[in-house]
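This report refers to the structure that appears directly beneath it.
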Amino acid sequence: MSTSRSESSQPTSLHSSGHSGDNEEVTNQSRSSKRKQSIVWEHFTKVRGVNDSLHAKCNYCEKLLSGGSAYGTTHLKKHLNNACPKFKLEHRIGLSGSPRNEFKFDQVKSRKDLAIACIKHKYPFNIGEHEYFEIFLSGLNPDFKLPCRNTIRSDVIEVYEEEKVKIYKLLDGLRCKVSLTTDIWTSEHSHVAYCCLTVHFVDDSWELQKKILAFRKMPYPHDGETLFSFMKEMILEWNLDKKLFSIVVDNATNNDVMIRKVKDWILYDLLVAREM
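No gaps in the numbering here: position 124 of the sequence shown is 123 in numbering that gives the first Met the number 0, and each next residue is one more.
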């Protein structure tokens with residue numbers, strides 16, 4: 000079902016009693032006095048409801064939404080993009096109001112999106128060499144050149160470095176203290192250990208936040224001295240030695256040694272700083 004722009008701009012009544020007076024269309028101001036109308040109204044019809052309230056009726060699924068000028072058009076665009084089951088994909092418009100046909104392909108951005116997808120969903124770096132994945136992407140956009148595994152790996156590292164800078168700036172600007180949690184996982188078969196370090200803090204909106212700072216393979220043996228070296232390196236790398244409030248670990252003996260050494264190191268630095 001389609002409705003021209005001129006038709007959609009004329010509100011009609013939801014109620015009919017068979018009298019011409021009940022079905023009178025609301026007269027709009029002249030085109031010259033109106034503001035430029037959003038493109039979204041090509042997909043909705045203005046209708047009057049109970050108590051003369053103005054509604055926007057979807058031209059595809061006939062759902063009624065608020066149509067008054069005070070409500071804007073964002074909710075109408077969201078309905079088309081996310082909720083309307085009959086709205087065709089090729090007619091979708093972005094929340095900015097730009098038509099889909101204004102889309103411009105960007106190879107660099109698409110490569111970055113692929114790298115983020117590999118990070119988020121644990122796709123292998125050689126996904127670009129999968130035959131039917133290549134066929135699938137070619138059907139969507141034949142202009143996209145699938146990168147090789149080494150290029151995808153480089154793109155993933157680049158995304159990591161960009162996000163690391165963002166988190167560093169975020170932590171550096173905090174006015175509050177932070178807490179760290181760390182845990183080690185060891186493979187039963189290979190005896191390879193991995194250590195994860197997470198920072199926790201309350202932001203300016205009083206929302207509890209957490210960010211993973213490191214997920215690293217630990218050299219054997221992962222005793223207290225090794226853990227302390229790792230913890231000290233991370234605290235200095237992220238510039239957290241002056242903001243550290245607490246470190247939460249499990250009750251393993253090597254953690255006891257690590258915590259004691261961290262305390263001694265930070266207290267020593269504080270004493271030296273005071274004397275200077």
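Glycine included, C-beta positions come from ideal geometry on N, C-alpha and C. Predicted model only: the values in this text are computed from it and were never measured.
Under the rule that a run must span 4 or more residues, the alpha helix (DSSP H) segments found entirely inside the segment 109-149 read 130-139. Non-local beta-carbon contacts of Leu145 in its own chain, meaning distances under 6 Å to residues more than five positions away in sequence, involve Gly127 and Glu133 in chain order. Rounded to whole angstroms, Glu161 and Gln106 show a C-alpha spacing of 19 Å. The Cβ-Cβ distance between His188 and Tyr219 does not fall below 9 Å.
Take Cys60, set aside five residues on each side of it, and the residues of its chain with a beta-carbon closer than 7 Å to its own are Cys83, Pro84 and Lys85, in chain order. The straight-line gap separating the alpha-carbon atoms of Phe43 and His78 is approximately 11 Å.
The shortest C-alpha to C-alpha distance from Leu266 to any of Phe244, Asn253, Val248 and Asp249 is the one to Phe244.
Contact annotation: Lys210 and Leu170 have beta-carbon atoms nearer than 9 Å. Rounded to whole angstroms, Tyr159 and Leu173 show a C-alpha spacing of 21 Å.
The alpha-carbon separation between Ser153 and Lys260 amounts to approximately 37 Å.
Around the C-beta of His54, 16 or more other C-beta atoms lie within 10 Å, and the residue is accordingly described as buried. In the structure shown, the three-state DSSP call for Gln36 is coil. Residue environment analysis places Leu196 among the buried positions, since at least 16 neighbouring C-beta atoms fall within 10 angstroms of its C-beta.
Residue range Gly223 to Glu236 is occupied by the alpha helix (DSSP H) that includes Leu235.
If you ignore the 5 residues before and after Asn254, its C-beta comes within less than 6 Å of the C-beta of Val248, all in its own chain and listed in chain order. By the neighbour-count definition (other C-beta atoms within 10 Å, threshold 16), Gly67 is an exposed residue. Annotation: the segment 152-213 contains the following complete segments of the beta strand (DSSP E) (minimum length 3 residues), in chain order: 177-185 and 192-201.
Lys56: member of the beta strand (DSSP E) spanning Leu53 to Cys57, first to last residue. Beyond the five residues adjoining it in sequence on each side, Thr185 comes within less than 6 Å, by CB distance, of Ala192 in the same chain, given in chain order.
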